[in-house]
Amino acid sequence: SLHRHKVTCQSDKSIFNSTASNRRACLAALSGSGLSFFSRTVCRSFSAEPKPANALNTTNGSEVLVESLRVNSAYPAVGFSEGHLQVLGQQVPISYWYPAVQSQGLTVPAYRQRTSFGKIVSKFLRVPVSPRIFNVDNLILASDFVLTDAQPMPRTLPVVILAHGYLGSRFDLVHLAERLAVQGFIVASPEFGDSRSGEISPPGFLGHEAGRMDILQAAVSAVTTNFATGPLGLVGHSAGSGTIFSLVGSYPRVSIAGLVPSSSRQLQGPTLVVASSGDSTARFQGGIASMLKRLPDDFSRIVPEENGTSCMRLPKMAALFLEKPNHISFLSERSNSALMRTLGFLLPIARLLRLGVLDFDKYYATRDSVETAAAVLPIVEGFLFQELCEDAREHCQGGCEGVKHGLTT
């Protein structure tokens, strides 16, 4: 049976009133406060079920999730760049977020999230449809502190690679990518072959589609070549969880709403499992109760609580189980909103054909990614800090403190 750990963090109900136009000024003010990178704590101020007042409308139509974060004065900005991996004759898109030297004149990017109706129809109906027909591009606005092609910080930093799920996108976890980068991580997110985009295989390509492990290994090689990198961590959502567990090595891993090996021998390093009983895809594993039984004995269940003041370390093998989120509640609100705008009209057709849509229909009603992020992201960040940043462990003993900083979700 799982050991039970209560992880409680200092909670502050006040709201930092930040809008899209003033968030960069707020960040600049915070960055001048003398806070150092390694004075962050594992715990963050968060609410397991935040009130709607915690979400503020901004000029770009997204929402601002107010979190308590220690912002490093050395990282006043986040750089964003795009590239391609050459994998088995195919060009695989990859996106990078990284701590940057703030520069004047650089623009805040809008991420291009491409959706291929042809590819989605092909995957669900199993009919041969070209992935390059009926493509739709959605623009997702970046947070105001993200700058296009800014100069990376000239120092060695920890790396986190994100692996999206089946018919997902490399921008599905953009909220986590931006948050980690502003706190001192280099983040890389490749587009896997089973994404909803038709960008990977070139026109007329007749070879085998690049596999997930081929792409993940190429991403590891690329990020270590292009940046001064330290220790590596992996985060996977849904099918991306299986991808990160397949990579050999004792890397810290975070599995979100995905399959988890039932043997300790298959878990080669520190592991955080995040799952929800509201996730319909959990039925494939027999539900949350079955997942609990199958997890190795050395896993400990962690329980987020409000109104506490503790900064205990997370277990090396930890499981966070929630009740409400569905399968795509764990993704960024910005990415999900773009998905709703593009594919919402297909829901009646999917219901008529009784197609499984990975909780897309449930999320259409709940729209709860902001609340889910408030409960999950601080724990994911804390786990990665604990396992990838040795100095952060020492400072965690000093208690849970924080400053307010608005981040888009």
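Counting with this note's numbering, you get residues 63 to 471 for the letters of the sequence shown.
Cβ atoms here follow ideal geometry from the backbone N, Cα and C, with glycine treated the same way.
- Under the three-state reduction of DSSP, E144 is assigned to strand.
- Using a 10 angstroms sphere on the CB of G298, the tally of other CB atoms reaches 16 or more, which defines it as buried.
- The beta-bridge partner set that DSSP reports for I318 consists of H299, V336.
- Taken in chain order, the unbroken stretches of alpha helix (DSSP H) that lie wholly in the region 209-258 and span 4 residues or more are 236-244.
- For I390, there is no enclosing beta strand (DSSP E), as DSSP gives it neither H nor E.
- In terms of Cα proximity to F445, the closest of A250, D359, V336, T343 is V336.
- Per the DSSP secondary-structure output, L294 pairs in a beta bridge with V221.
- Around F247, the same chain offers P220, V222 as residues with beta carbons nearer than 6 angstroms, after the five sequence neighbours per side are excluded.
- In the DSSP annotation of this structure, T428 is not part of any beta strand (DSSP E); the continuous alpha helix (DSSP H) holding it starts and ends at 422-428.
- Cβ contact annotation for F179 (same chain, cutoff 8 angstroms, sequence separation greater than five): I195, F196, N197, V198, in chain order.
- Between G295 and Y313, the CB-CB gap stays under 8 angstroms.
- A distance below 6 angstroms between beta-carbons, with the five flanking residues on each side excluded, links G304 to the following residues of its chain, in chain order: L321.
- When the Cα atoms are used, G227 and I306 turn out to be separated by approximately 11 angstroms.
- Distances from the alpha-carbon of K181 to those of G255, A212, D341, P138 put G255 closest.
- Check the Cα spacing between D211 and each of Q148, M275, G141, R363: the tightest is with G141.
- A301 and P216 have their alpha carbons spaced roughly 34 angstroms apart.
- Nearest neighbour of P387 by Cα position, chosen from I318, I277, R176, T286, turns out to be I318.
- Our two residues, R258 and S251, have alpha carbons roughly 15 angstroms apart in a direct line.
- In this structure, the CA atom of V432 is about 24 angstroms from the CA atom of P138.
- The residues V140, W159, Y160, P161, V249, in chain order, have a CB closer than 7 angstroms to that of A243 in the same chain once the five nearest residues on each side in sequence are set aside.
- Comparing C-alpha distances from P377 to each of T343, Q148, V442 shows the shortest one belongs to V442.
- Here L224 is near A239, since their CB atoms are less than 8 angstroms apart.
- Note on geometry: alpha-carbon atoms of V285 and T428 lie some 36 angstroms from one another.
- When DSSP states are grouped into helix, strand and coil, R375 belongs to the coil group.
- Counting only residues of its own chain and dropping the five nearest sequence neighbours on each side, N398 has a CB closer than 7 angstroms to the CB of I390, Y425, S431.
- Under the three-state reduction of DSSP, L278 is assigned to helix.
- For T404, the uninterrupted alpha helix (DSSP H) run begins and ends at 395-405, by DSSP.
- From the listed residues Q245, E253, H237, the smallest Cα separation to S231 is found for E253.
- Here Q328 is exposed, its C-beta having fewer than 16 other C-beta atoms within 10 Å.
- Between P366 and A280, the C-beta spacing is not below 8 angstroms.
- Distance from the CA of M275 to the CA of G151, rounded to the nearest whole angstrom, comes to 15 angstroms.
- D206 is positioned such that its CB atom lies closer than 8 angstroms to that of V170.
- Burial is judged here by how many other beta carbons sit within 10 angstroms of a residue's own beta carbon; I277 has at least 16 and is buried.
- With distances taken between CA atoms, M379 lies nearest to P358 out of R413, N288, P358.
- According to DSSP, V432 shares a beta bridge with no other residue.
- P161 sits in a strand when the DSSP states are folded into three classes.
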